[in-house]
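In terms of my numbering, the sequence shown opens at residue 119 and continues consecutively. Each residue gets a CB set at the ideal place from its N, CA and C atoms; glycine is no exception. Given the structure is predicted, the values throughout are model-derived calculations rather than measurements.
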Amino acid sequence: MPKLTKTQLTAISTKTGDRGESSLADGRRVAKSSLVFSALGDVDELNSWLGLLVCLLDKQFAKPRQTLLKVQEDLFYLGAELAASPTSTLSATAIKKIESESTHLQQLMAKDWTKKFLLPGGSAQAAQLDIARAVCRRAERSVATYGAEGMVSIRIKRYLNRLSDYLYVLRCFVNQELVVTEKKFISTTSK
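Next comes the structure, spelled out in structure tokens:
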């Protein structure tokens with residue numbers, strides 16, 4: 119039996135935020151009510167939903183799973199940049215990569231897939247993608263609100279916008295591949 123050794127643990131609870139402040143990556147202390155923490159929280163929540171999606175997508179969706187794992191990494195860089203990291207930023211190629219993946223999926227879709235408003239859901243995976251897309255849109259709004267107060271890179275805004283598009287396309291692609299009949303929104307009001 120191997121000998122167990124003690125390892126030094128880093129304390130998770132620092133207690134430095136007990137008075138309603140937290141530190142940004144550059145060391146500044148900021149009120150937790152600051153818009154930057156709303157934006158960071160929404161990005162963190164989005165990343166958590168994406169983690170669930172990676173678990174839910176099976177081998178049939180290996181390429182989208184890899185894309186979502188890369189997106190999760192991108193979101194860490196995006197969050198670091200929002201938190202004023204002096205060294206970590208979202209790469210310029212991240213936007214091109216997500217656009218490329220979205221275009222690729224659209225080429226695999228049925229000819230008229232964009233000509234309908236769809237109710238969220240279909241398959242469990244698509245329903246989770248709908249949630250992630252909605253959270254992505256909220257993160258986009260939070261970042262825009264924070265951007266009105268401070269400096270936010272246009273690259274971050276573009277990335278979140280493209281990511282929400284990608285999540286919608288992926289949602290439609292997943293339902294198509296699982297042969298799920300989409301429920302179309304049909305307005306019952308007449309003009």
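- Rounded to whole angstroms, the gap between the alpha carbons of A257 and T299 is 30 Å.
- Scanning P182, G265, A250 and R259 for the CA closest to the CA of S218 turns up P182.
- With contact defined as three or more Cβ pairs closer than 8 Å, the stretch 207–223 and the stretch 275–283 are in contact.
- Between Y286 and R251, the gap from beta carbon to beta carbon is short of 8 Å.
- A residue is called buried once 16 or more other Cβ atoms fall within 10 Å of its Cβ, and I304, having fewer, is exposed.
- F179 has its alpha-carbon roughly 10 Å from the corresponding atom of F291.
- Closest option to Q294, judged by alpha-carbon separation, among F194, L236 and Q190: L236.
- Ranked by how close their Cα comes to the Cα of F155, the residues S166, L170, T211 and A198 have A198 in first place.
- According to DSSP, residue pairing for L247 in a beta bridge does not occur.
- Taking a C-beta distance under 8 Å as the contact criterion, L208 and D192 qualify as a contact pair.
- Per DSSP, reduced to three states, the secondary structure at L175 is coil, with no helix or strand assignment.
- Relative to P204, the option among R146, Y264 and L296 whose CA is nearest is R146.
- Cα atoms of Q243 and K301: separation of roughly 15 Å, rounded to the nearest angstrom.
- For K214, the enclosing alpha helix (DSSP H) starts and ends at T211 to Q225.
- For R273, same chain residues with a beta-carbon under 7 Å away, outside a window of 5 residues either side, are L208, A210 and I213 in chain order.
- For V189, the uninterrupted alpha helix (DSSP H) segment begins and ends at A180 to L200.
- For L208, no alpha helix (DSSP H) run applies, since DSSP gives it neither H nor E.
- By the criterion of a C-beta distance shorter than 7 Å, Q224 is surrounded in its chain by V287, once the five residues flanking it on both sides are discounted.
- Within the DSSP bridge table, the entry for K302 names L236 as partners.
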